[in-house]
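Below is one structure, written out as C-alpha cells; comments come after it.
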DNA sequence: TCTGGGGTCCTAGGCCCA
DNA sequence: TCTGTGGGCCTAGGACCC
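In the UniProt record's numbering, the protein residues as written are 1 to 396.
Dropping the structure here:
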C-alpha cells in the first residue's frame, strides 16, 4: 500500500501570515468570537493591531495550535495560555471557532475524496489516503498526485497543507513532518536507515511523553536505537502489545489499512470550571453544570442516532488527579434524565473531599438507535458502593 | 498561575460462568 | 462435589492523539 498523510494548517487570515498567532484559550460568555471588519467584511479585513494579544489574556486554557512564527518562541499545542504569554506576549490570540473549523475540515476532506476516495479521518485537520488505486497515483513516487491535492485544497479553502507519501501510514505520517507547512515529502522503504532512524523516538506517532521518557531512561533516544533492541527486551518493559509494536514501528513496518468508515465507541462532555468548585459549598452550581453536561450528552447521542448502555463520570481535583467511575445498565438510553440519574449514582462512589476543577459525563457501549440487543442478562456495578448509591438523593 | 475537550486503545484486576 | 482454568465482560486508570 502506498499512503498519503496530509495535514492542514488551519489559519486563514492573510493579514496574519508570518506573525506569531496562537489559537486556543477558553471563551467567556459574551466574548466576541473575532473582531469583525466594516460592513460585515469579516475578520480578514481587520487590521493586525485590532486583534487581541496573548499578554492581555486572563484565565484558564491551553493553546490548541500555533503558527510556525509563534512556535519559534517555544509556544506549542497543549501549552497553558499563561506560560505561552510569558514566552510570546505579543502573539495574537484567536478563539477556537468550532463551527468554522468543522466547516473547513469538511471542505478539506471532501476536496480530497473527490480526487482519492479511500481516505481515513484522523481528526479535524489530518487524514490518511490510500492512493494505490488512484489513476496517476504512482507518478514520480506520488509527488504529482500530492501536488494536485495540495493545489485543490488551497483553491477551495485558502489553506496550506503538508503531505507525506510513503509505503505505509506510519512512514507517511513521519514524512509529512519533513517539510511543513506546505511541502511534499516522499519516503521510500530504502530511506529507513538514512531518514527515519536518526529521528527521535518521539517522532513515532504513538510514542508520547511517558514512553519517550522511559525509553530515554533506558538509553534509547533515536528510532535507530529502538530498532537495534531485542523485541523481547521491549516486550518485558512495555508489555506484549506495545513492546512488539514499538519494534515493528522502528523498522518502518505497519500493515494497518486506511479505514474509511468507523463507528464511535463513546461520546462525552466535560468542562473545566472558571474556578475550582467544592461539592458542598458550590453544590447548586455543580448541580446545574452536571445536569447541563448530561443534557448536552443526551442531545449529542440523539442527534447522531446512538444509544448507550454504559454511563460514567470523570472528575479532576484541584491537584489535577483524575477519578472516573462508570456503570453499565440493563437498558440502552439516550435520555437526559436517565443519563443524569445513572451518572449521579456514579458520582456517589467518588471521594468529594477536595475541590474540583473539571467535571465530565461519558456514554459508552454505543449502538445505533433501533439496533439495541435485548436487555443484558447480567448487570454489573452492583457491589457495595453501587448499592449505597441506589435510591438515594442526588448529590449535587 | 500551569495544564481544554473529545476521542481511542491498552492494561490489569475482579467477577462470573462454562 | 470440589477445584482449576480460561474466556468474556466490567471497571478504573493511564497513555496517547488531534
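Just so it is clear, CB atoms sit at the ideal spot from N, CA and C, and this is done for glycine as well.
**Message:** Need the endpoints of the beta strand (DSSP E) that residue 332 sits in, please.
**Reply:** In the first chain, residue 332 corresponds to position 332, counting from 1. Note, residue 332: beta strand (DSSP E), 322-333.
**Request:** Return helix, strand or coil for residue 415, following the three-state DSSP convention.
**Result:** Because the chain in this structure spans residues 1 to 396, residue 415 falls outside the shown range and cannot be described.
**Asked** Shortest alpha-carbon distance to residue 23 belongs to which of 283, 63 and 354?
**Response** Taking the first chain and counting its residues from 1, the one referred to as residue 23 is at position 23. In terms of CA proximity to residue 23, 63 leads the group 283, 63 and 354.
**Item:** Start-end ranges of the beta strand (DSSP E) lying completely within the region 94-168, minimum 3 residues
**Value:** DSSP runs (the beta strand (DSSP E)) wholly in the region 94-168: 119-121, 126-130 and 161-166.
**C-beta atoms of residue 153 and residue 111 nearer than 7 Å** = Walking along the first chain from the start, residue 153 turns up at place 153. Walking along the first chain from the start, residue 111 turns up at place 111. In contact: residue 153 and residue 111 (Cβ atoms closer than 7 Å).
**Message:** Within 8 Å, do at least three Cβ pairs link the region 87-103 to the region 49-57?
**Reply:** Per the Cβ contact rule, the region 49-57 is in contact with the region 87-103 (3 or more Cβ pairs under 8 Å).
**Request:** Tell me whether the beta-carbon of residue 70 lies closer than 7 Å to the beta-carbon of residue 20.
**Result:** Numbered from 1 along the first chain, position 70 holds the residue referred to as residue 70. Numbered from 1 along the first chain, position 20 holds the residue referred to as residue 20. Yes, these two residues count as a Cβ contact at 7 Å.
**Request:** Examine the Cβ distances between the region 305-321 and the region 343-354 and report whether three or more of them are shorter than 8 Å.
**Result:** Touching, yes.
**Prompt:** Taking the alpha-carbon positions, what's the residue 182 to residue 151 distance?
**Reply:** On the first chain, position 182 is the one that residue 182 refers to. On the first chain, position 151 is the one that residue 151 refers to. C-alpha of residue 182 to C-alpha of residue 151: approximately 10 Å in a straight line.
**Request:** Entirely within the region 272-319 and at least 3 residues each: give me those beta strand (DSSP E) ranges in chain order.
**Result:** If we require 3 residues or more, the beta strand (DSSP E) runs fully inside the region 272-319 come out as 306-317.
**Item:** residue 212: first and last residue of the uninterrupted alpha helix (DSSP H) it sits in
**Value:** Position 212 of the first chain, counted from the first residue, corresponds to residue 212. Per DSSP, residue 212 belongs to the alpha helix (DSSP H) from 209-217.
**Request:** State the DSSP-derived secondary structure class of residue 366, mapped to helix, strand or coil.
**Result:** The residue labelled residue 366 in the question sits at position 366 within the first chain. Three-state DSSP puts residue 366 in a strand.
**Request:** Locate the beta strand (DSSP E) running through residue 23, then write down its first and last residues.
**Result:** Counting from 1 along the first chain, the entry for residue 23 is found at position 23. If you look at residue 23, you'll find it in the beta strand (DSSP E) that goes 21-24.
**Request:** Can you tell me which of 373, 120, 125 and 118 puts its alpha carbon nearest to the alpha carbon of residue 103?
**Result:** Working through the first chain from its first residue, we reach residue 103 at position 103. When only C-alpha atoms are compared, the closest one is 125.
**Request:** Would you decide whether residue 288 is buried or exposed? Buried here means 16 or more other CB atoms lie within 10 Å of its CB.
**Result:** Your numbering for residue 288 matches position 288 in the first chain. That one is exposed.
**Prompt:** Among the residues of its own chain, which have a CB less than 7 Å from the CB of residue 18, if the five just before and after it don't count?
**Reply:** The residue you call residue 18 lines up with position 18 of the first chain. For residue 18, where only same-chain residues beyond five positions count, the Cβ hits under 7 Å are 69.
**Asked** Among the residues of its own chain, which have a CB less than 7 Å from the CB of residue 389, if the five just before and after it don't count?
**Response** Taking the first residue of the first chain as position 1, residue 389 is located at position 389. With a pLDDT of 36 at residue 389, under the threshold of 50, the modelled position of this residue cannot be trusted; read the value that follows with caution. Counting only Cβ-Cβ distances below 7 Å, and skipping sequence neighbours, we find 345, 348 and 349.
**Asked** In this structure, what does DSSP give as the bridge partners for residue 261?
**Response** Here residue 261 refers to the residue found at position 261 of the first chain. As computed with DSSP, residue 261 is found in no beta bridge at all.
**Message:** If I measure Cβ to Cβ from residue 175 and keep anything under 6 Å in the same chain, skipping five residues before and after, which residues do I get?
**Reply:** The count along the first chain starts at 1 and reaches residue 175 at position 175. Hits under 6 Å: 164, 166, 185 and 187.
**Prompt:** Can you list, in chain order, the residues of its chain whose CB lies under 8 Å from that of residue 361, leaving out five sequence neighbours each side?
**Reply:** Position 361 of the first chain, counting from 1, holds the residue named residue 361. Excluding sequence positions up to five before and after residue 361, its CB lies within less than 8 Å of the CB of 268, 269, 270, 290, 293, 294, 297, 311, 312, 313, 314, 339 and 343, all in the same chain and listed in chain order.
**Contact check, residue 81 vs residue 37, beta carbons under 7 Å** = In the first chain, residue 81 corresponds to position 81, counting from 1. In the first chain, residue 37 corresponds to position 37, counting from 1. Taking 7 Å as the Cβ cut-off, residue 81 and residue 37 do not qualify as a contacting pair.
**Prompt:** What span of residues does the alpha helix (DSSP H) with residue 338 cover, start to end?
**Reply:** Counted from its first residue, the first chain places residue 338 at position 338. Unbroken alpha helix (DSSP H) run through residue 338: 336-347.
**Item:** Residue of 127, 72 and 61 minimising C-alpha distance to residue 79
**Value:** Walking along the first chain from the start, residue 79 turns up at place 79. When each option's Cα is compared against that of residue 79, the closest is 61.
**Boundaries of the beta strand (DSSP E) in which residue 204 is found, first to last residue** = Taking the first residue of the first chain as 1, we reach residue 204 at position 204. Unbroken run through residue 204: none, as it is neither H nor E.
**Request:** Quick one: measure Cβ to Cβ for residue 272 and residue 358, integer angstroms, because I've assumed they're closer than 8 Å.
**Result:** Counted from its first residue, the first chain places residue 272 at position 272. Counted from its first residue, the first chain places residue 358 at position 358. Contact holds; Cβ gap of about 5 Å.
**Request:** Might you give, ordered along the chain, the residues of its own chain that have their beta carbon closer than 6 Å to the beta carbon of residue 189, omitting 5 neighbours on each side?
**Result:** As a working note, residue 189 is residue 189 in the first chain. Closer than 6 Å at Cβ, skipping near neighbours: 167.
**Request:** In angstroms with no decimal places, state the Cα-to-Cα distance between residue 410 and residue 43.
**Result:** Lying outside 1 to 396, the shown extent of the chain, residue 410 is not represented and no answer is given.
**Request:** Would you mind working out which of 73, 16, 66 and 58 sits nearest residue 49, comparing C-alpha positions?
**Result:** Taking the first chain and counting its residues from 1, one reaches residue 49 at position 49. If we check each option's Cα against that of residue 49, 16 comes out closest.
**Prompt:** Would you report the Cα separation of residue 399 and residue 264, rounded to the nearest angstrom?
**Reply:** Only positions 1 to 396 of the chain appear in this structure, which leaves residue 399 out of reach.
**Request:** Could you tell me the distance, in whole angstroms, from the CA atom of residue 309 to the CA atom of residue 303?
**Result:** As a working mapping, residue 309 is identified with position 309 in the first chain. As a working mapping, residue 303 is identified with position 303 in the first chain. In a straight line, the C-alpha of residue 309 is about 17 Å away from that of residue 303.
**Item:** residue 307 vs residue 328 beta-carbon contact at 7 Å
**Value:** Locating residue 307 in the first chain gives position 307, where the first residue counts as 1. Locating residue 328 in the first chain gives position 328, where the first residue counts as 1. In this structure, residue 307 lies away from residue 328, with their beta-carbon atoms at least 7 Å apart.
**Item:** Buried versus exposed call for residue 330 [16 or more other C-beta atoms within 10 Å across all chains shown]
**Value:** Residue numbering aside, residue 330 sits at position 330 when the first chain is read from its first letter. The C-beta of residue 330 has fewer than 16 other C-beta atoms within 10 Å across all chains shown, which makes the residue exposed.
**Pick from 300, 237, 173 and 14 that is closest to residue 46, judged by C-alpha positions** = By 1-based counting over the first chain, the position of residue 46 is 46. For residue 46, the closest of 300, 237, 173 and 14 by C-alpha to C-alpha distance is 14.
**Prompt:** So, are the CB atoms of residue 410 and residue 260 less than 7 Å apart?
**Reply:** Since the first residue shown for the chain is 1 and the last is 396, residue 410 is missing from the structure and cannot be characterised.
**Asked** Since residue 249 is in the alpha helix (DSSP H), which residue starts that stretch and which ends it?
**Response** For the purposes of this step, residue 249 is taken as the residue at position 249 of the first chain. Taken as a continuous stretch (DSSP letters only), the alpha helix (DSSP H) holding residue 249 covers 240-250.
**Message:** Taking its Cβ as the centre, do 16 or more other Cβ atoms sit within 10 Å of residue 106, making it buried, or is it exposed?
**Reply:** Numbered from 1 along the first chain, position 106 holds the residue referred to as residue 106. Answer is exposed; the Cβ neighbour count stays below 16.
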